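A quick write-up on the structure given underneath.
There are 2 protein chains.
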Amino acid sequence: MKKRITSQDVADHAGVSRTTVSFVLNDVKGISIRPETRNRVLNASRELGYVPNASARALASNQANTIGLLMTRAPHYIATDTFLPQILGGILDTVKTYRTSLLIEWVEPGQQVETYLELAQAKHIDGMILMVPRLDDSGLSAIEQAEIPAVIMGKIPSSKLYSVDIDNRESAAIALRHLLELGHRNIGCITNASTLYSSAAQRLEGYYLAFEEAGLAPRTELVVEADFNSQSGYDAMKKLLNRNPELTAAFVASDNVAVGAIHAIQESGRNIPDDFSIVGFDDIPMSAHLGPGLTTIHVPAREIASQSCHLLMRIMQGEAPESRSITLSAELIVRNSTAVLRGDAYQSNVVSMLANQNNV
Amino acid sequence: MKKRITSQDVADHAGVSRTTVSFVLNDVKGISIRPETRNRVLNASRELGYVPNASARALASNQANTIGLLMTRAPHYIATDTFLPQILGGILDTVKTYRTSLLIEWVEPGQQVETYLELAQAKHIDGMILMVPRLDDSGLSAIEQAEIPAVIMGKIPSSKLYSVDIDNRESAAIALRHLLELGHRNIGCITNASTLYSSAAQRLEGYYLAFEEAGLAPRTELVVEADFNSQSGYDAMKKLLNRNPELTAAFVASDNVAVGAIHAIQESGRNIPDDFSIVGFDDIPMSAHLGPGLTTIHVPAREIASQSCHLLMRIMQGEAPESRSITLSAELIVRNSTAVLRGDAYQSNVVSMLANQNNV
DNA sequence: TGAATTAATTAACGCGCGTTAATTCAGCCT
DNA sequence: AGGCTGAATTAACGCGCGTTAATTAATTCA
Numbered sequence: 005m006k007k008r009i010t011s012q013d014v015a016d017h018a019g020v021s022r023t024t025v026s027f028v029l030n031d032v033k034g035i036s037i038r039p040e041t042r043n044r045v046l047n048a049s050r051e052l053g054y055v056p057n058a059s060a061r062a063l064a065s066n067q068a069n070t071i072g073l074l075m076t077r078a079p080h081y082i083a084t085d086t087f088l089p090q091i092l093g094g095i096l097d098t099v100k101t102y103r104t105s106l107l108i109e110w111v112e113p114g115q116q117v118e119t120y121l122e123l124a125q126a127k128h129i130d131g132m133i134l135m136v137p138r139l140d141d142s143g144l145s146a147i148e149q150a151e152i153p154a155v156i157m158g159k160i161p162s163s164k165l166y167s168v169d170i171d172n173r174e175s176a177a178i179a180l181r182h183l184l185e186l187g188h189r190n191i192g193c194i195t196n197a198s199t200l201y202s203s204a205a206q207r208l209e210g211y212y213l214a215f216e217e218a219g220l221a222p223r224t225e226l227v228v229e230a231d232f233n234s235q236s237g238y239d240a241m242k243k244l245l246n247r248n249p250e251l252t253a254a255f256v257a258s259d260n261v262a263v264g265a266i267h268a269i270q271e272s273g274r275n276i277p278d279d280f281s282i283v284g285f286d287d288i289p290m291s292a293h294l295g296p297g298l299t300t301i302h303v304p305a306r307e308i309a310s311q312s313c314h315l316l317m318r319i320m321q322g323e324a325p326e327s328r329s330i331t332l333s334a335e336l337i338v339r340n341s342t343a344v345l346r347g348d349a350y351q352s353n354v355v356s357m358l359a360n361q362n363n364v
Numbered sequence: 005m006k007k008r009i010t011s012q013d014v015a016d017h018a019g020v021s022r023t024t025v026s027f028v029l030n031d032v033k034g035i036s037i038r039p040e041t042r043n044r045v046l047n048a049s050r051e052l053g054y055v056p057n058a059s060a061r062a063l064a065s066n067q068a069n070t071i072g073l074l075m076t077r078a079p080h081y082i083a084t085d086t087f088l089p090q091i092l093g094g095i096l097d098t099v100k101t102y103r104t105s106l107l108i109e110w111v112e113p114g115q116q117v118e119t120y121l122e123l124a125q126a127k128h129i130d131g132m133i134l135m136v137p138r139l140d141d142s143g144l145s146a147i148e149q150a151e152i153p154a155v156i157m158g159k160i161p162s163s164k165l166y167s168v169d170i171d172n173r174e175s176a177a178i179a180l181r182h183l184l185e186l187g188h189r190n191i192g193c194i195t196n197a198s199t200l201y202s203s204a205a206q207r208l209e210g211y212y213l214a215f216e217e218a219g220l221a222p223r224t225e226l227v228v229e230a231d232f233n234s235q236s237g238y239d240a241m242k243k244l245l246n247r248n249p250e251l252t253a254a255f256v257a258s259d260n261v262a263v264g265a266i267h268a269i270q271e272s273g274r275n276i277p278d279d280f281s282i283v284g285f286d287d288i289p290m291s292a293h294l295g296p297g298l299t300t301i302h303v304p305a306r307e308i309a310s311q312s313c314h315l316l317m318r319i320m321q322g323e324a325p326e327s328r329s330i331t332l333s334a335e336l337i338v339r340n341s342t343a344v345l346r347g348d349a350y351q352s353n354v355v356s357m358l359a360n361q362n363n364v
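As given, the protein sequences belong to chains L and H, one line each in that order. Final position of the first sequence in my numbering is 364; the numbers increase by one with none missing. Final position of the second sequence in my numbering is 364; the numbers increase by one with none missing.
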């Protein structure tokens, strides 16, 4: 192992003090350095290939230049999350512009408080982005009290932490209005996850909301919970079709889950969209190629990620952004997995639907 | 901001010296501490909620207790990688057992040397796992020379770094033998990425190898390069089907890319597997639900990830594992996207195939 | 020319911890 | 009683850097 090069080495090599080196390399303002001296330092640094020690710097300056991405989910579930790469890509991209590093950690349910606080108190990270925390996350209030810079991706109503999210409820409602407008009435719903997760609960609300708006009675028996992955979507849809063969459409609150649902639908002999319409949620990169092209709600993942970063950075710099939550807009992307309901009832359905719309 | 609790506080509270606190909490061996003293320290630490400062510890002990996961790919491509979550899940899981943190970084092409060395020299990380580096990665030799603990996920023949991978070439060949056995002869190939990436080059080799084994002339015009994502798979397959409508099967070297390919196949009016067989590669979690169930090569992603971690940890502890590369086995998972070639030529094809097999 | 500024540079301290070498203390043997 | 041994504890240094306060050199002004 070769000798490590320190700022002292650079100082010696340039014939100045270590302090001067620090001033030059960090471009400290309010300090004037003779141009010639500055160049000597810069050259020495380059020649020696000097790289400041991150730990020492963090210790002295009391900031790690690192933020953490915390996921409240077991690795088992992380592994099947096709939405994650988009978020990750967005964060990595943004974080780099701030010359900041990204630490990733998953948090064991029940260990939230400990993990959150330890990471921050250990000064391993300066701030954190919380991904899909659960509604019952006990660690959020601890973060508030400890005044740790944090941003939630998603919205937890009970928490006052900053957050970036889309309007899950309204977006889901939009998906359902689309199906209703096409004449469907027997519409199943498969959640993206347990309703302990905020996004799942909110999307389900949107499902109910649309029915209510249309003056239709919501049918809770048409809702089945999935569990992040495609397999659970397959199982859920199979169950749904068995129990309620009269269904002509479904809203699946995650494209990843929808993959399994599509499989189950096709396996049952139904054709998409002729016999059965399906709307997803997320618009993952492959959605355009799922089945005949999946109609879905486009979630601006990259935007959510970068906005979260920017917001966090502002908070870490001591700013107190006016609004505690940023809501980005999601939109319906109509592809080929949804079609007008066939059959006699169609015409009258559409008519009543349009009538209802005007009242909203 | 509250006062930070240091080991000095714990020492005061327990009525011992800071050194003793360090000995107790780090469980230093070769040092004996009176049980009563030990308990006093432990209690004090707990009562005060002491969390050691990571930077200070890293600085003093000269190890960061952090490893880095470096990806040589732009965030744009990272975002569409459905394989990544599995790797990530595996690493997160394993890393936790070592009480080590994970830093993630993407490396700009052309910036490899700088990024690799800086991260290590800054002692931000103790070692690194390199994901899908390119064959032309200029930074690898720099890592070797600097003797930085590193493990490559994948295999770069020109590098002597430790690596964990499957036998991409042989695995691809297995996929092709499967298609050949089913009687197919007109088999296209869509790579998973540019052949500048080692896995892509190796899988393509396997494609050619199988033809050679079977005494068939490889047809380079049936090979199209894709680019990690589904869209590129869709485009590639469309091109392939247009150019060579006689094709009855295809090997797609990535399930993620295969999603797009399947879409293109179905859109062309062909039925899978009746009219067209397709074999993927990776076996991502959703593969069982792609199309009618995608026949694919199962890559033990989780295993690769955890083995990489374990190996890296050993290297970081100064061990010099005997073998420089670990090769895990991948296996063919036959689902419903492949079927026996229909038509007259079938019988004779199979016969000649079997005859060939015996010679291998 | 000497005093008063201002510009340029540095000595010295502290961040919180790990660790070596030194110290204290109790128990034991001669 | 004195010396010795080992167990238990601590003083003190260094990790590499940021930063304040002090020092020196250069410049201006009366």
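The beta-carbon is built from N, C-alpha and C at its ideal position, and this holds for glycine as well. As the structure is a prediction and not an experimental result, all values here were calculated from the model.
So is H/P79 buried or exposed if we call it buried at 16+ other beta carbons inside 10 Å? buried
Take L/V25 and list the residues in its own chain whose beta-carbon comes closer than 6 Å to its own, dropping the five residues that flank it on each side. Within the same chain, S11, V14, A15 and V45 come within 6 Å of L/V25 by CB-CB distance, once the 5 residues on both sides are set aside.
message = Going by the DSSP bridge assignment, what does H/H302 pair with across the sheet?
response = H/D286 and H/E335
- Task: Give the residues of chain H in contact with L/M320, contact being defined as C-beta atoms less than 9 Å apart.
- Result: Per Cβ cutoff of 9 Å: no residues; L/M320 is ~13 Å from chain H at best.
Am I right that L/H302 and L/E335 are in contact with their C-beta atoms under 8 Å? What's the rounded C-beta distance? 5 Å
| What does L/D85 touch in chain H if you count any residue whose Cβ is under 7 Å from its own? | P89
Taking CB distances under 8 Å as the criterion, tell me whether L/Y238 reaches chain H. Judged by the 8 Å Cβ criterion, L/Y238 is in contact with chain H.
In angstroms, rounded to a whole number, what distance separates the CA positions of H/Q373 and L/M157?
Outside the shown range of chain H, which is 5 to 364, sits residue 373 of chain H, and nothing can be said about it.
Taking the alpha helix (DSSP H) that L/V32 falls in, what are its first and last residues? That residue, L/V32, is in no alpha helix (DSSP H); it is neither H nor E in DSSP.
* Asked: Where does the unbroken alpha helix (DSSP H) through H/I95 begin, and where does it stop?
  -> That run of the alpha helix (DSSP H) goes L88 to T101.
Who are the Cβ neighbours of L/I152 in its own chain at under 6 Å, not counting the five residues just before and after it?
A124
If you reduce the DSSP assignment to three classes, tell me which class H/I108 lands in.
strand
With respect to the beta strand (DSSP E) encompassing H/V168, which residues constitute its N-terminal and C-terminal limits? Y166 to I170
Taking H/L73 as part of the beta strand (DSSP E), name the residues at either end of that continuous run. Unbroken beta strand (DSSP E) run through H/L73: T70 to M75.
With which residues is L/A253 paired in a DSSP beta bridge?
The partner list for L/A253 (beta bridge, DSSP) reads L/I191 and L/S281.
Report the option in H/S333, H/L186 and H/P325 whose CA atom is closest to the CA atom of H/K164. H/P325
Could one say the Cβ of L/D231 lies closer than 8 Å to chain H's Cβ atoms, at least one of them?
no
Problem - Separation of L/H188 from H/S202, as counted between CA atoms - result: 49 Å
Any chain H beta carbon closer than 8 Å to L/I82: yes
query = In the stretch 28-62 of chain H, which residues sit with their C-beta less than 7 Å from some C-beta in chain L, listed in chain order?
reply = Against chain L - using a Cβ distance shorter than 7 Å - the residues of the stretch 28-62 of chain H are V55, P56, N57, A58, S59, A60 and A62.
Review point. Quick one, are the C-beta atoms of H/M241 and H/A265 less than 8 Å apart?
Key: Judged by their CB atoms, H/M241 and H/A265 are nearer to each other than the 8 Å cut-off.
Would you say the stretch 253-269 of chain L touches the stretch 229-243 of chain L, given that touching needs at least three Cβ pairs under 8 Å?
Touching, yes.
- [ ] Reducing DSSP to helix, strand and coil, say where H/I156 ends up.
- [x] strand
Which class does H/R44 belong to by DSSP, given the choice of helix, strand or coil? helix
- Mind checking H/Q311: buried by the 16 CB within 10 Å criterion, or exposed? buried
Leaving out the 5 sequence neighbours to the left and right, which residues in its chain are closer than 8 Å to L/I160 when beta-carbon positions are compared? P137, L139, D141, L144, S167 and S202
Checklist entry - So, does the CB of H/M5 fall closer than 8 Å to a CB anywhere in chain L? => result Residue placement at H/M5 cannot be trusted, given a pLDDT of 46 that sits under 50; the coordinates are not used to answer.
inquiry  = Let's test the definition: count the other Cβ atoms within 10 Å of the Cβ of H/A221 and tell me whether it reaches 16, buried, or not, exposed.
reply    = exposed
| Out of curiosity, what's the CA-to-CA distance linking L/R346 and L/A254? | 15 Å
Practice problem: Could you pull out every residue in the same chain whose Cβ sits closer than 8 Å to the Cβ of H/A177, ignoring the five residues on either side in sequence? | Solution: G210, Y211, L213, A214 and E217
query: Can you list the residues of chain H that L/S234 reaches, using a CB-CB cut of under 7 Å?
result: P289, M290 and H293
So which residues of chain H does L/L165 contact, with C-beta pairs closer than 8 Å? Chain H residues near L/L165: none, gap ~17 Å exceeds 8 Å.
Check: So who's on the other strand from L/S329, going by DSSP bridges?
Finding: L/S167
- So does L/K243 have its beta carbon nearer than 7 Å to some heavy atom of the ligand ZN? With respect to small molecules bound, the structure shown includes none, and the ligand ZN cannot be examined in it.
- Message: Could you tell me the alpha carbon to alpha carbon distance between L/D286 and H/D278, rounded to whole angstroms?
- Response: 32 Å
Less than 8 Å between CB atoms is the rule here; does H/D130 satisfy it with respect to chain L? no
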